[in-house]
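J.:
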Amino acid sequence: MAVVGRIEQVHATIHLARGTGLTVTSAYIPPKHTFTATDLDTLLTTDGAQLIGADANAHALAWDRASPPNTKGETLTQWCIDNQFLVCNTAECTRYARHHGESTPDVTLSRNCTVYTWTSLYSPYRDHHHIFFDVIVGDDTDALSCPRLRKPMYAWLKADWRNFRLKVDELCRKIGREKNVNTLEQN
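Going by this note's numbering, the residue at position 39 of the sequence shown is 39; the numbering climbs one at a time, nothing skipped.
1. Applying the criterion that 16 or more other CB atoms from any shown protein chain within 10 Å of the CB defines a buried residue, is residue 50 buried or exposed?
2. In the DSSP assignment, the beta strand (DSSP E) including residue 47 goes from what residue to what residue?
3. Quick one: measure Cβ to Cβ for residue 48 and residue 71, integer angstroms, because I've assumed they're closer than 8 angstroms.
4. Should the stretch 36 to 46 be called in touch with the stretch 124 to 133, which here means at least 3 C-beta pairs below 8 angstroms?
5. If you run the structure through DSSP and keep just helix, strand and coil, what is residue 71?
6. Apart from the five residues just before and just after residue 14, which ones in its own chain have a Cβ nearer than 6 angstroms to its Cβ?
7. Ignore the nearest five residues each way along the sequence and tell me which others in residue 120's own chain have a CB closer than 7 angstroms to its CB.
8. Taking the beta carbon of residue 10 as the centre, do at least 16 other beta carbons fall within 10 Å, making it buried, or is it exposed?
9. Check the C-beta distance from residue 29 over to residue 56 and give it rounded, since I have them as a contact under 8 angstroms.
10. Which residues in the same chain have their Cβ closer than 7 angstroms to the Cβ of residue 87, if we skip the five residues on either side of it in sequence?
11. CA-CA distance, residue 187 and residue 66?
12. Going by beta-carbon coordinates alone, are residue 31 and residue 59 separated by less than 9 angstroms?
So, in structure tokens, the structure goes:
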């Protein structure tokens, strides 16, 4: 991870078929830091498909209906317009804090790819929600997606943690013996 222009950021490129790629950027801007369009330009790492998931602590009507717009939100909105990024959020809150209530400081941005089924899922473990979405890059109609959780995550109190630990230990031993994790058998 690097800090560039007051923005903590990390980039990864997923190389897809037919020479296409998707660059995924994760960015964090602390609440007390301000930023300019020039600072945001450090997030631009490709002319191709790019997704940016940012905890920008910025609020704008384009993605946050729970908090009033602020200067950071205005700067980020104008930067998106100038650089042809789309806001993928669906107005669902992405954070809940007991003392401050719901808000949406996290924003998902896309350029040269299609994001759909964007959803924010409450997490009992942290104040920020988990964000899930599917992505289509190029002309392919098959979405890149992560498996969806089937049960609510807040059922963790009912978990059999002893059995979980035994399974994890067993899988760790198997991984240690295998050279390729893709060859592991799932039970």
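Built from N, CA and C at the ideal position, the CB exists for glycine as well. All values derive from a computational prediction rather than experimental measurement.
T.: In this structure, then:
1. For the purposes of this step, residue 50 is taken as the residue at position 50 of the sequence shown. Around the beta-carbon of residue 50, 16 or more other beta-carbon atoms lie within 10 Å, marking it buried.
2. Position 47 of the sequence shown, counted from the start, is the residue given in the question as residue 47. It is not in any beta strand (DSSP E) - residue 47 carries neither H nor E in the DSSP assignment.
3. Residue mapping note: residue 48 aligns to position 48 of the sequence shown, counting from 1. Residue mapping note: residue 71 aligns to position 71 of the sequence shown, counting from 1. With a Cβ gap of about 31 angstroms, residue 48 and residue 71 do not count as contacting.
4. With the cut-off at 8 angstroms, the stretch 36 to 46 and the stretch 124 to 133 do not touch.
5. Here the question's residue 71 lines up with position 71 in the sequence shown. Three-state DSSP puts residue 71 in a helix.
6. Residue mapping note: residue 14 aligns to position 14 of the sequence shown, counting from 1. Closer than 6 angstroms at the Cβ level, and outside the excluded window around residue 14, lie 22.
7. The count along the sequence shown starts at 1 and reaches residue 120 at position 120. Correct list, in chain order: 92, 93, 94, 129, 131.
8. Looking up residue 10 in the sequence shown gives position 10. Residue 10 should be labelled exposed.
9. On the sequence shown, residue 29 is found 29 positions in, with the first residue counted as 1. On the sequence shown, residue 56 is found 56 positions in, with the first residue counted as 1. That pair is a contact at about 5 angstroms.
10. On the sequence shown, position 87 is the one that residue 87 refers to. Cβ neighbours of residue 87 beyond the five flanking positions: 62, 63, 80, 107, 109.
11. Start at 1 with the first residue of the sequence shown, and residue 187 comes out as number 187. Start at 1 with the first residue of the sequence shown, and residue 66 comes out as number 66. Below a pLDDT of 50, predicted positions are generally treated as unreliable, and residue 187, at 49, falls in that range; the measurement from the model is reported next regardless. One C-alpha to the other measures close to 44 angstroms.
12. Position 31 of the sequence shown, counted from the start, is the residue given in the question as residue 31. Position 59 of the sequence shown, counted from the start, is the residue given in the question as residue 59. Not a contact, by the Cβ cut-off of 9 angstroms.
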